[in-house]
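Student:
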Amino acid sequence: MGAEKLLHFAEFDLQIIALSVFGILYAIKAWTMARLPMRWENAPAKGSPAAGVIYSYAATVAPWMMSSATQHWTRWLEFALYHIGAGLAILSTFTLPFAPGMMVPAVRYVFAVFVALAFLVGAIRLWRRATDPTLRVISTPDDYFSLAAVEIFFFLTVMTLAANTPGWRLAYFLVTAAFLFYVPFSKISHYVYWFFARVLMGVRYGRRGVTPRTGGAR
Amino acid sequence: MSQESESLKAARLELDRRFNKTVGVASSNLCTHCGWCVDQCHYYLATKDPTISPVAKAERVRRVYKRHHDWMSQIFPFWTGAKELTEQELDEWVEIAYRNCTLCDRCMANCPLAVDTAQVLLAARGVLLAAGKAPEMLVQLADAALAREENLEFFRGFYLEQLKELETEVQDRLGSDKARIPVDVVGARMLYVPLSGAHTITPPSTVFNAVGESWTISMFEAANYATYIGDIPKAKRIAERILKEAERLKVQEIVLAECGHAYHAMRWEAPKWFGGPLPFRVRSILEVLDEYVRAGRLHLDRTSNPEAVTLHDSCNLGRKGGLFEEPRRVVRAAAEDFREMTPNRERAFCCGAGSGLVAMPEWEDMRLKAGEPKAEQVRATGAQIVIASCDNCRHQLTELSEHYGLNTQVMGLSELVVRALMPGAA
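Order-wise, the sequence lines are chains A and B. Take the first sequence: its letters are residues 1 to 218, numbered as in the working numbering. Take the second sequence: its letters are residues 1001 to 1426, numbered as in the working numbering.
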C-alpha cells in the first residue's frame, strides 16, 4: 500500500471501523447500566427532580456550586482546560477528514492552542499522580497509561493541526483509531457513566429539596 | 464446607444482589481517581491518612465489583487493580465501611462525576451483614426495636409510668395541670414518634400542649438501626410497626423526633421499601416547629436565649433530607444571637459519629478524631449553644465539646424552643 493510500485508509476507513466498534461497545455499556435494577425515589417530593438534574449537570461546569472547586479553583481551571482541549481534539478527528473546509489556518491554530494547553495540564496531572501520596495510593496502571495515552493523542493533535504534514496526519489518525479501540475498556470511558451518575444524584437531591435548595415547608 | 467459605459464599451472593444502578454506576469506570473528594472528607481532613479518603475507601469495594463487571478487569485484573473477594478482604472491609465512613454524602456532593461513594460502602455493609461480619452492637440495636414490638405488653406498663412522670414535668413547665402526654388516642391528628430519651419526649410534649395540638405519642421509638447495616427487610419491619400504629389510630401524619436517620429512613427510604408513597404524611418535628413559628402559633421570647447559638446540619436531615431553612427559621425565632457555621447546609461537615458509629465504643478514638473538623467549625462561631437535631450528632457534639474544650452546651431544637416559650403559653 502506498503512503497516500495508507493515509487515506487511516483517515477514513480505519476511523469508521474504529468509531463503529467504539459506538457498539458504548451502546452495550449504556444498555448494561440501564437494565440494572433501581428503586427510584418515590416519596412525596419536596423539591423538583427535574430541577435537581439540571442543577446536577450545571454543577460540573459552575465552580461555585461545589466546594471542591471553590477551594481549589486552579484545579477546576485545569479540569476545564483539559476537557476543552479533549473536546477540540476529538472534534478534530472528525473535522480534519470530513470537513476540511472548516479547518482554515485560524481555526486550526486556535484548536492547537487549546489542545496544547490541555497537553500541559495532562503533564501536570501525570506528575501529580506520580508524586501525590493521596493519588498514588489509588492509582492503577490504567490511570497512568490512560493519562499518557491522552498525552500522546494531544501531542499528535497539536502537531497535525499546526504542521499538517502527511507524516503527522498518519501518526495522528493511527493513534486516534488505537485510542478509540482502547477507550471503552479504560477509565477514559468515565463520561458515559457521568450522564447516568448526574441523573441519579440530581433526581435524589432535587426531589428531596437539597439542590436546588427548597427552603419552605412542603 | 467450612464455616469460612459459607460466609464468603453468602458475601458473594449479597455482592451480586447489591449491584443495582446506583452501585453499578459508582463501581464502574465513572471514578477517574482525580482526588477531588479527598479533602472534602472529614476523616481525611482529621487524619491526613490517604488510605481513608473517600476514593480510597470506595476503591477497595469497587475493585471487587470490577473483577466481575468491568471488561478490562475481567481479562487483566492487575491493570485496574481488580480483586477477588476473600475472607481477608471482608475482614478489612469492616473498618473501611463501618469505622472509616459515616455515609455522609459530602464526597458525592463535591465530586465532578457524582460518584456515590456512600452507596458503594452501604453495599459493602450489606455484604458484611450477609457474611456475619456486621458489628454486633448495631445488629442488636436493630433486633431490640423488633423485640419491643413482639413484647409490647411487657414494655407498656413501664413506658406509661415513665410518660406519667414526664407529663408532670410538662405541666410544671407550662403551669397547667391540663397538659397531657396522650397515648393511644384514636383520631388524633398527629402521631409523634420519639426516641428512648426523655429529651425527645418532654420538650416536644411541652410545645404540642402549648399550641393545643391534636396528637398522640407512639409506643415505639423512631430509631431504625437496621438502615445502618443495610438490612432492608429488617428496616422495613421496624418502620412497619409505626405505620401499623398510625393506621390503627387513624392519624393524618407521622411526626418524627429530632433524629437524623429515623427521618431519612421513614421520609425518604421507606416509600422505596414499600413500593410507593406511605398512606400518611411523614414529617420531622423540625418542620412542625417551623410551621408553628410561621403560623404564629408559638409565642417565643428570644431574650430567654441570649447566648450565641449555632446550628449543626445533620447529614441525614440536611444533605440527605433537604431540611435546611426550617430549623434556621425556628432558631432565629427562639434565640437572639444565631451564628452560622462555615460551611453549612448541604456543604456542612459530618459530626463524625453518623451512620451508627456513635453506638460502637471500640471505635471511639477514631470517632472523636473524625469529629475534629466539626469541632473547629463550632469553635470558630464562638457559640455557647449548639443545636443538634439528631440524637447521634447530639451525643457526638457533647463529647467533642469535652474532648476539644469547646465549652458548649448541646441541645435539640425543641429544647431551645421550650426555653423561649412565654409564660402562660398553654
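We put the beta carbon where it would ideally sit given N, CA and C, even for glycine. Please read all numbers here as calculations on a predicted model, not as lab measurements.
Checking 7 Å against the spacing of the C-beta atoms, do V1185 (chain B) and T1216 (chain B) come in under that value?
Tutor: Residue 1185 (chain B) sits at position 185 when you count from the first residue of the second sequence. Residue 1216 (chain B) sits at position 216 when you count from the first residue of the second sequence. A contact, by the Cβ cut-off of 7 Å.
Student: Applying a beta-carbon distance threshold of less than 7 Å, which residues of chain B neighbour V210 (chain A)?
Tutor: On the first sequence, position 210 is the one that residue 210 (chain A) refers to. In chain order: R1319, G1322, E1346.
Student: What does S1028 (chain B) touch in chain A if you count any residue whose Cβ is under 7 Å from its own?
Tutor: Numbered from 1 along the second sequence, position 28 holds the residue referred to as residue 1028 (chain B). Chain A residues near S1028 (chain B): Y193.
Student: From the DSSP secondary-structure annotation, give me the bridge partner or partners of Q1409 (chain B).
Tutor: Locating residue 1409 (chain B) in the second sequence gives position 409, counting from the first residue. Partner(s): B:I1385.
Student: Just curious, the beta strand (DSSP E) that D1070 (chain B) is in, first and last residue?
Tutor: On the second sequence, position 70 is the one that residue 1070 (chain B) refers to. No beta strand (DSSP E) contains D1070 (chain B), which DSSP labels as neither H nor E.
Student: Okay, do the stretch 1066 to 1086 of chain B and the stretch 1327 to 1334 of chain B touch, 3+ Cβ pairs below 8 Å being the bar?
Tutor: They do not touch, by the three-pair rule.
Student: State the start and end residues of the unbroken beta strand (DSSP E) segment that holds E1213 (chain B).
Tutor: Numbered from 1 along the second sequence, position 213 holds the residue referred to as residue 1213 (chain B). It is not in any beta strand (DSSP E) - E1213 (chain B) carries neither H nor E in the DSSP assignment.
Student: If you compare alpha carbons, which of B:A1082, B:R1281, B:E1161, B:V1170 is closest to A1058 (chain B)?
Tutor: Numbered from 1 along the second sequence, position 58 holds the residue referred to as residue 1058 (chain B). Answer by Cα proximity: B:A1082.
Student: Thinking C-alpha only, which one of B:M1360, B:M1366, B:K1374 is nearest N1141 (chain B)?
Tutor: Here residue 1141 (chain B) refers to the residue found at position 141 of the second sequence. It is worth fixing the name first, because residue 1141 (chain B) is Leu in this sequence and not Asn. Answer by Cα proximity: B:M1360.
Student: Do the stretch 1363 to 1371 of chain B and the stretch 1312 to 1327 of chain B meet, that is, are 3 or more Cβ pairs less than 8 Å apart?
Tutor: The stretch 1363 to 1371 of chain B vs the stretch 1312 to 1327 of chain B: no contact.
Student: Please state whether DSSP places D1337 (chain B) in a helix, a strand or coil.
Tutor: Taking the second sequence and counting its residues from 1, one reaches residue 1337 (chain B) at position 337. Three-state DSSP puts D1337 (chain B) in a strand.
Student: Please state whether the Cβ-Cβ distance between C1101 (chain B) and C1037 (chain B) is less than 7 Å.
Tutor: In the second sequence, the residue the question calls residue 1101 (chain B) occupies position 101. In the second sequence, the residue the question calls residue 1037 (chain B) occupies position 37. No, Cβ-Cβ distance for C1101 (chain B) and C1037 (chain B) is not below 7 Å.
Student: Output the distance between the C-alpha atoms of M1266 (chain B) and A1239 (chain B), rounded to the nearest integer angstrom.
Tutor: Here residue 1266 (chain B) refers to the residue found at position 266 when the second sequence is read from its first residue. Here residue 1239 (chain B) refers to the residue found at position 239 when the second sequence is read from its first residue. When rounded, the distance between both Cα atoms is 7 Å.
Student: Three Cβ pairs or more, each shorter than 8 Å: is that satisfied between the stretch 1087 to 1106 of chain B and the stretch 161 to 176 of chain A?
Tutor: Short answer: they don't touch.
Student: Under 7 Å between the Cβ atoms of I1387 (chain B) and L1357 (chain B)?
Tutor: Start at 1 with the first residue of the second sequence, and residue 1387 (chain B) comes out as number 387. Start at 1 with the first residue of the second sequence, and residue 1357 (chain B) comes out as number 357. Not a contact, by the Cβ cut-off of 7 Å.
Student: Helix, strand or coil for H236 (chain A) per DSSP?
Tutor: Because chain A here runs from 1 to 218, residue 236 (chain A) falls outside it and cannot be looked at.
Student: Whose C-alpha, out of B:I1052, B:A1114, B:R1294, is nearest the C-alpha of R194 (chain A)?
Tutor: Start at 1 with the first residue of the first sequence, and residue 194 (chain A) comes out as number 194. Residue identity differs from the one stated: residue 194 (chain A) is Trp in this sequence, not Arg. Here the closest residue by C-alpha is B:A1114.
Student: Compute the distance between the beta-carbons of R129 (chain A) and L120 (chain A), then report whether it is under 7 Å.
Tutor: Taking the first residue of the first sequence as 1, we reach residue 129 (chain A) at position 129. Taking the first residue of the first sequence as 1, we reach residue 120 (chain A) at position 120. No, they are not a contact pair.
Student: For a cutoff of 7 Å on Cβ pairs, would you count G1081 (chain B) as touching chain A?
Tutor: Here residue 1081 (chain B) refers to the residue found at position 81 of the second sequence. Yes, its Cβ sits closer than 7 Å to a Cβ of chain A.
Student: Taking the alpha-carbon of R1379 (chain B) as reference, which of B:S1401, B:F1019, B:C1259 has the nearest alpha-carbon?
Tutor: Here residue 1379 (chain B) is taken as the residue at index 379 of the second sequence, counted from 1. Per the Cα distances, B:S1401.
Student: For P1112 (chain B) versus T60 (chain A), is the C-beta distance shorter than 7 Å?
Tutor: Indexing the second sequence from 1 puts residue 1112 (chain B) at position 112. Indexing the first sequence from 1 puts residue 60 (chain A) at position 60. Taking 7 Å as the Cβ cut-off, P1112 (chain B) and T60 (chain A) qualify as a contacting pair.
Student: Look at the alpha carbon of G1132 (chain B) and the alpha carbon of S1355 (chain B), and state the distance between them as a whole number of angstroms.
Tutor: If you number the second sequence from 1, residue 1132 (chain B) lands on position 132. If you number the second sequence from 1, residue 1355 (chain B) lands on position 355. Cα to Cα, the separation comes out at about 19 Å.
Student: Which of the three DSSP states, helix, strand or coil, is assigned to A1308 (chain B)?
Tutor: If you number the second sequence from 1, residue 1308 (chain B) lands on position 308. Correct three-state label for A1308 (chain B): strand.
Student: Under 7 Å, Cβ to Cβ, is there at least one residue of chain A near N1020 (chain B)?
Tutor: Here residue 1020 (chain B) corresponds to residue number 20 of the second sequence, with the count starting at 1. Interface residue, yes.
Student: What does a CB cutoff of less than 6 Å around P1306 (chain B) pick up in its chain, not counting 5 residues either side in sequence?
Tutor: Against the second sequence, residue 1306 (chain B) aligns to sequence position 306. Answer for P1306 (chain B): E1336, listed in chain order.
Student: By how many angstroms is the C-alpha of A51 (chain A) removed from the C-alpha of C1351 (chain B)?
Tutor: Here residue 1351 (chain B) refers to the residue found at position 351 of the second sequence. Here residue 51 (chain A) refers to the residue found at position 51 of the first sequence. Taking the straight line joining both Cα atoms gives about 29 Å.
Student: Can you give me the C-alpha to C-alpha distance between M65 (chain A) and T74 (chain A), rounded to a whole angstrom?
Tutor: Translated into the one-based positions of the first sequence, residue 65 (chain A) becomes position 65. Translated into the one-based positions of the first sequence, residue 74 (chain A) becomes position 74. Roughly 15 Å between the two C-alpha positions.
Student: For S48 (chain A), decide whether its Cβ has a neighbour in chain B, counting only Cβ atoms nearer than 7 Å.
Tutor: Position 48 of the first sequence, counted from the start, is the residue given in the question as residue 48 (chain A). Cβ-Cβ to chain B under 7 Å: no for S48 (chain A).
Student: Mind pulling the chain B residues with CB within less than 9 Å of F181 (chain A)?
Tutor: Reading the first sequence from its first residue, position 181 is the one you call residue 181 (chain A). Here the premise fails: no neighbours, minimum Cβ distance about 12 Å.
Student: Would you mind working out which of A:V150, A:P44, A:W127 sits nearest G1275 (chain B), comparing C-alpha positions?
Tutor: If you number the second sequence from 1, residue 1275 (chain B) lands on position 275. If we check each option's Cα against that of G1275 (chain B), A:P44 comes out closest.
Student: Which one of B:R1241, B:V1282, B:L1278 has the shortest CA to CA distance from A1257 (chain B)?
Tutor: The count along the second sequence starts at 1 and reaches residue 1257 (chain B) at position 257. Here the closest residue by C-alpha is B:V1282.
Student: Where does I124 (chain A) sit, in a helix, a strand or coil, going by DSSP?
Tutor: Taking the first sequence and counting its residues from 1, one reaches residue 124 (chain A) at position 124. I124 (chain A) falls in the helix class under three-state DSSP.
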